[in-house]
Amino acid sequence: MMLVPRRNNFGLFDDFFDEDFFTKKEKNLMKTDIREKENEYIIDIDLPGFSKENINLSLENGYLNISAKTENNNDENNDKYIRQERFYGECSRSFYVGDDIKEEDIDAEFKNGILKITVPKQEEMKKLNEPKKIEIK
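Quick note on numbering: the sequence shown equals residues -4 to 132 in this note's numbering.
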């Protein structure tokens, strides 16, 4: 049995446009869900294949910066790849969380390839989200 990628019926033309130059494989990295609760936001980021030690979070000027890095350890063997689709390198995302948020206010947990970050709401955001009572005259 040979490990050769399956070719479709469209041939070389489609294979050419399937190359990294024409596609953005980075769009599949760091897929993010943001949930809102009464007093906090929860950010879930997919980081499969990354280790906890290679994920960094920083807070700068109200922006929460998340970066992650992974390396290809197979290069040591000088293996010849027929096809390589897994990502190796560095990726990052930034989210504005507010100027009043401090590092000690943010909690982060990495489990099963998912980075879960909990960010408290700023006081002014809590006030904006409170239901407003309208007086009936």
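Even for Gly, the Cβ is constructed at its ideal location relative to N, Cα and C.
Its chain contains LYS111 as the residues whose beta carbon lies nearer than 7 Å to that of GLU104, once the 5 sequence neighbours on both sides are disregarded; these appear in chain order. Within the same chain, Cβ atoms closer than 6 Å to the Cβ of THR27 are found at ILE40, the five residues on either side in sequence being excluded. Annotated three-state conformation of ASP100 is helix, per DSSP. Around the beta carbon of LYS75, fewer than 16 other beta carbons sit within 10 angstroms, so the residue counts as exposed. The Cβ atoms of GLY44 and THR65 sit closer than 8 Å to each other.
For GLY108, no beta strand (DSSP E) encloses it, and the DSSP letter there is neither H nor E. Residue state for GLU80 is assigned as coil, using DSSP reduced to three classes. DSSP, reduced to helix, strand and coil, places GLU66 outside both helices and strands of the structure shown, so it counts as coil. Looking at the backbone, the Cα of GLU85 and that of GLU55 are separated by about 19 Å. Per DSSP, PHE45 has no beta-bridge partner at all.
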